[in-house]
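Residue numbers (this note's numbering): 1 to 157.
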């Protein structure tokens with residue numbers, strides 16, 4: 001498998017390619033605790049972090065104050081640097097800069113490939129949408145046409 005394909009389909013390999021560790025916020029990490037007018041950060045043993053370098057790294061993550069249940073990766077080389085819940089309870093992520101760069105490169109590289117086949121997809125949609133009755137191909141063509149005409153993005157609320 002090529003490195004490009006591997007980094008698209010295998011996130012752990014992608015993290016490794018970027019010189020990062022593939023992290024999981026289920027493992028023990030740093031935590032954030034509100035303390036009157038500021039936040040304190042607790043290490044993996046629930047002791048307050050006082051080391052200026054670690055605190056600076058945490059500050060640079062720019063974790064929104066509204067996030068709750070904040071987890072912070074103990075390693076500066078984890079692909080996920082922090083997670084938390086926003087005001088609506090949705091899980092949010094802060095990724096390592098190198099991880100985001102690599103994923104963006106992959107995404108935009110795939111976008112160029114998609115642009116090459118888009119005319120063929122549109123021809124197929126135009127053909128299938130004219131089919132009689134409601135075969136699977138016509139239903140799928142209708143969905144694709146709706147996505148294209150309404151600019152709906154999968155995953156948006």
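Idealized CB from N, CA, C, for every residue including glycine.
{"Check": "Count the other CB atoms within 10 Å of the CB of residue 95; is the residue buried (16 or more) or exposed (fewer)?", "Outcome": "buried"}
{"Check": "Please say whether residue 33 and residue 20 have beta carbons closer to each other than 8 angstroms?", "Outcome": "no"}
{"Check": "In three-state terms, what does DSSP make of residue 143?", "Outcome": "helix"}
{"Check": "Classify residue 83 as buried or exposed, calling it buried when 16 or more other Cβ atoms lie within 10 Å of its own Cβ.", "Outcome": "buried"}
{"Check": "Can you tell me which residues form a DSSP beta bridge with residue 78?", "Outcome": "21"}
{"Check": "Helix, strand or coil for residue 70 per DSSP?", "Outcome": "strand"}
{"Check": "For residue 46, I'd like the list of residues in its chain whose CB is within less than 8 angstroms of its CB, leaving aside the five on either flank, ordered along the chain.", "Outcome": "31"}
{"Check": "Looking only at its chain, what residues have a beta carbon closer than 8 angstroms to the beta carbon of residue 18, apart from the 5 residues adjacent to it on each side?", "Outcome": "79, 96, 98, 99, 101 and 102"}
{"Check": "Whole angstroms are fine: how far does the CA of residue 136 sit from the CA of residue 85?", "Outcome": "39 angstroms"}
{"Check": "Out of 134, 144 and 107, point me to the one whose CA is closest to residue 118's CA.", "Outcome": "144"}
{"Check": "Is residue 76 near the ligand NAD, with its Cβ less than 7 angstroms from a heavy atom?", "Outcome": "No copy of the ligand NAD appears in this structure; indeed no ligand is present at all."}
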